[in-house]
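Going by the working numbering, the first residue of the sequence shown is number 194, and it counts up by one from there. Cβ coordinates follow ideal geometry from the N, Cα and C atoms, glycine included.
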Amino acid sequence: MTLQPDSQSTCSFTFAETVVICDHQDWQWTFLHAFLKHCKYEHVRVKSDFDIKSCWERFADAPFFVICWENQKRPAASIIREMKILSPDLDYEKIIIITTHPTHEDVVYFSELGLDKIVSLQQNKRGIKIAGQNFTNILRPHKARRQVTHDWKILHKHLDQMLESSTDDNLLMCEAMIDRIKLLHKEEVDTASWWDALACIEAAKNNDKVAIDYWHTSLEKNPNFFRVYHNLIQFYTRQRNHEKALGLLEKMHVINRNNIDRLVRIANTYTAMQDHRKAEHYFEWALSKDPYNNDALNALAGMHFKIGDLRKTKTLLKDCHDSGAFASSLNQEGIRLVNEHSYEKALELYLNALHVLPSQEKSPLVFFNIGLCYSRWGKYAEAREYVSLSLAKDPRYRKARKLLRWLNHECPEETIIESR
Numbered sequence: 194m195t196l197q198p199d200s201q202s203t204c205s206f207t208f209a210e211t212v213v214i215c216d217h218q219d220w221q222w223t224f225l226h227a228f229l230k231h232c233k234y235e236h237v238r239v240k241s242d243f244d245i246k247s248c249w250e251r252f253a254d255a256p257f258f259v260i261c262w263e264n265q266k267r268p269a270a271s272i273i274r275e276m277k278i279l280s281p282d283l284d285y286e287k288i289i290i291i292t293t294h295p296t297h298e299d300v301v302y303f304s305e306l307g308l309d310k311i312v313s314l315q316q317n318k319r320g321i322k323i324a325g326q327n328f329t330n331i332l333r334p335h336k337a338r339r340q341v342t343h344d345w346k347i348l349h350k351h352l353d354q355m356l357e358s359s360t361d362d363n364l365l366m367c368e369a370m371i372d373r374i375k376l377l378h379k380e381e382v383d384t385a386s387w388w389d390a391l392a393c394i395e396a397a398k399n400n401d402k403v404a405i406d407y408w409h410t411s412l413e414k415n416p417n418f419f420r421v422y423h424n425l426i427q428f429y430t431r432q433r434n435h436e437k438a439l440g441l442l443e444k445m446h447v448i449n450r451n452n453i454d455r456l457v458r459i460a461n462t463y464t465a466m467q468d469h470r471k472a473e474h475y476f477e478w479a480l481s482k483d484p485y486n487n488d489a490l491n492a493l494a495g496m497h498f499k500i501g502d503l504r505k506t507k508t509l510l511k512d513c514h515d516s517g518a519f520a521s522s523l524n525q526e527g528i529r530l531v532n533e534h535s536y537e538k539a540l541e542l543y544l545n546a547l548h549v550l551p552s553q554e555k556s557p558l559v560f561f562n563i564g565l566c567y568s569r570w571g572k573y574a575e576a577r578e579y580v581s582l583s584l585a586k587d588p589r590y591r592k593a594r595k596l597l598r599w600l601n602h603e604c605p606e607e608t609i610i611e612s613r
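This is the structure:
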């Protein structure tokens, strides 16, 4: 069964089929279709350039995602990255990679992404038989190993949340999971993963020197444990030590030059260092590998918008499946200008935003804030026009109704600029 991604039915309901993401490798699809059918796994096929966001409500509950690594339309790693953004709790145990001729960089990439369900599929009788056996082992893992993996998965989830935004609850959960692993899985103590987890916990407690020592101990255990590099980069970025973060990013880039997410992170680091020329170079590099990368498209659009190149901005956003980050940043800037009573500048920004934003991002909020800006400026006719447009897009928009009543002299003005 092949599903057309642009079909109206893609978002109408959830389902329990395995999702196979495969372009034109028909012999691979023939194998996957036959194997999954034999194992009684219902499945559906999509091409790699499908609009993940618009289909995610339906796909999110799929038991497995089988992704052909050598897809031509869009890199598999970018698809996985977008899935993770759409569903931060996405279980990587559900992702199975099919690869035909993995390079050394591909193997590194698998490790960096935390993928361990890899099936090598060769176009010969013996290769197909081995692939089938590997598939069977993946779908029916050994119970004891499954429990260890499950416990580490829970711990890593809370460690990642803690590094993003440390809370007492997350810290307590991480310490409890460390105690559990120490008690039930003694073979996991004193491993690279173990010292990395301890480092994350110490970093959350602001014991920075101890954390760094533990991360280096982890790398002594396994110099290729890429999770440590990721955590160190995040640690230095949070401390605004961009030079050290960039040094680690470039070190990893030498090992694997195909990591699109890292190209974007390098670009973002250069942006934080105010080196916009290098930032643009790396954003463009990321887009040369994945033309649909939302992070790079949003960031580049923002750079071109700031210098007044609206045509280029509009082109970039047209290719973007989700320009919400760009729209949100402009809205925040508009709020700041209105609060500073720079109404003319705020209106210029908002109106330019309306010109470049795709239709789906021209939300009621944008029209409401334009109306509010005009209202604060004392231009009530224009304010009424844009507030009415906001209500036309969302008749239930309470703040817009309230402002319109005031504009029509029915109640006093009691409104604030709403953040996106």
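For my contact list, residue i and residue j are in at a C-beta cut-off of 8 Å; report their separation, rounded to the angstrom.
i       : j       : result
Ala-255 : Glu-210 : 6 Å
Phe-519 : Asn-491 : 4 Å
Glu-395 : Val-382 : No, Glu-395 and Val-382 are not in contact; Cβ-Cβ is about 17 Å, not under 8 Å.
Ile-214 : Ser-241 : 6 Å
Ser-581 : Leu-597 : 7 Å
Ala-576 : Leu-600 : 6 Å
Ile-260 : Ile-290 : 6 Å
Determine the burial state of residue i: buried for a count of at least 16 other Cβ atoms within 10 Å of its Cβ, exposed for fewer.
i       : result
Lys-592 : buried
Lys-220 : Rather than Lys, the amino acid found at residue 220 in this sequence is Trp. Trp-220 comes out exposed.
Asp-309 : exposed
Glu-443 : exposed
Asp-284 : exposed
Asn-434 : exposed
Glu-275 : buried
Thr-296 : exposed
Asn-532 : exposed
Val-447 : exposed
Asp-483 : buried
Ala-369 : exposed
Leu-365 : exposed
Ser-411 : buried
Asn-524 : buried
Glu-477 : exposed
Asp-454 : buried
Asn-363 : buried
Thr-360 : exposed
Ala-472 : buried
In whole angstroms, what is the alpha-carbon distance linking residue i and residue j?
i       : j       : result
Leu-503 : Leu-542 : 11 Å
Phe-303 : Ile-311 : 8 Å
Asn-415 : Leu-456 : 24 Å
Thr-223 : Gly-307 : 28 Å
Thr-292 : Asn-545 : 45 Å
Lys-586 : Thr-384 : 55 Å
Tyr-573 : Lys-246 : 39 Å
Arg-470 : Lys-499 : 14 Å
Val-300 : His-349 : 21 Å
Arg-450 : Leu-547 : 37 Å
Leu-376 : Trp-345 : 13 Å
Asp-372 : Ser-568 : 59 Å
His-231 : Thr-329 : 11 Å
Gly-495 : His-343 : 40 Å
Glu-526 : Arg-333 : 52 Å
Phe-560 : Thr-508 : 22 Å
Asn-461 : Met-445 : 16 Å
Ala-465 : Leu-493 : 14 Å
Asp-199 : Cys-248 : The pLDDT assigned to Asp-199 is 35, lower than 50, so where the model puts this residue is not dependable, and the model offers no usable value.
Lys-287 : His-378 : 23 Å
Arg-589 : Lys-233 : 47 Å
Asp-244 : Lys-277 : 14 Å
Phe-206 : Ile-528 : Its pLDDT being 43, under 50, Phe-206 is placed unreliably by the model, and nothing is read from it.
Mapping the DSSP letters down to three states, classify residue i as helix, strand or coil.
i       : result
Thr-195 : Note on Thr-195: pLDDT 37, under 50, position unreliable in the model; no value is reported.
Phe-243 : coil
Arg-238 : strand
Val-212 : strand
Cys-232 : coil
Ile-500 : coil
Ser-304 : helix
Phe-328 : helix
Phe-476 : helix
Thr-462 : helix
Ser-200 : Residue placement at Ser-200 is poorly supported in this model, since its pLDDT is 36, which falls under 50; the coordinates are not used for a value here.
Cys-261 : strand
Thr-293 : coil
Val-403 : helix
Val-382 : coil
Ser-313 : strand
Count Cβ pairs between the region 314-326 and the region 385-405 that sit closer than 8 Å; are there 3 or more? With a cut-off of 8 Å, the region 385-405 and the region 314-326 do not count as touching, because too few Cβ pairs lie within range.
Spell out a yes or no on whether the region 417-424 and the region 264-273 are touching, meaning 3 or more CB-CB pairs, one atom from each, closer than 8 Å. no
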